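Residue numbers (this note's numbering): 232 to 340.
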């Protein structure tokens, strides 16, 4: 799970900040990837709770709580990145609509 999240974050950072890779920047894909992150990390929360309800002894119980807290935090962070990417997508869509609806000032030149 962690490796997948690192690849998603690296893709978003590189395509946003490195001019060479900006041609692959896609705000729709950011929204989809961030939504999938929410689902995957929430699945980790559910699976951790299921495993802790069946077997929770000693160090395994402590590690289970650490994994549970970590996956809950990552679910919240993924939700926040989803909200931010959705707002950025909407803002870009409005700006594109505004630019397309403008009439040229000097038509004859």
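Cβ coordinates follow ideal geometry from the N, Cα and C atoms, glycine included.
Values in this document were obtained by computation on a predicted structure and should not be read as measured data.
Work out the CA separation of residue j and residue i for me, nearest whole Å.
i: residue 260; j: residue 313; result: 11 Å
i: residue 286; j: residue 233; result: 24 Å
i: residue 325; j: residue 283; result: 47 Å
i: residue 241; j: residue 266; result: 16 Å
i: residue 293; j: residue 264; result: 31 Å
i: residue 289; j: residue 297; result: 13 Å
i: residue 256; j: residue 311; result: 19 Å
i: residue 291; j: residue 273; result: 20 Å
i: residue 246; j: residue 309; result: 18 Å
i: residue 237; j: residue 254; result: 21 Å
i: residue 323; j: residue 252; result: 19 Å
i: residue 281; j: residue 244; result: 34 Å
i: residue 329; j: residue 295; result: 51 Å
Please confirm whether residue i and residue j have their CB atoms less than 9 Å apart.
i: residue 235; j: residue 271; result: yes
i: residue 316; j: residue 258; result: yes
Could you tell me how far apart the beta carbons of residue i and residue j are, in whole angstroms, since I believe they sit closer than 8 Å?
i: residue 268; j: residue 239; result: 6 Å
i: residue 279; j: residue 299; result: 5 Å
i: residue 320; j: residue 276; result: Their Cβ separation, rounded to whole angstroms, is 26 Å, which puts residue 320 and residue 276 out of contact at 8 Å.
Runs of alpha helix (DSSP H) wholly within the stretch 235-302 (minimum 4 residues, chain order): 258-285
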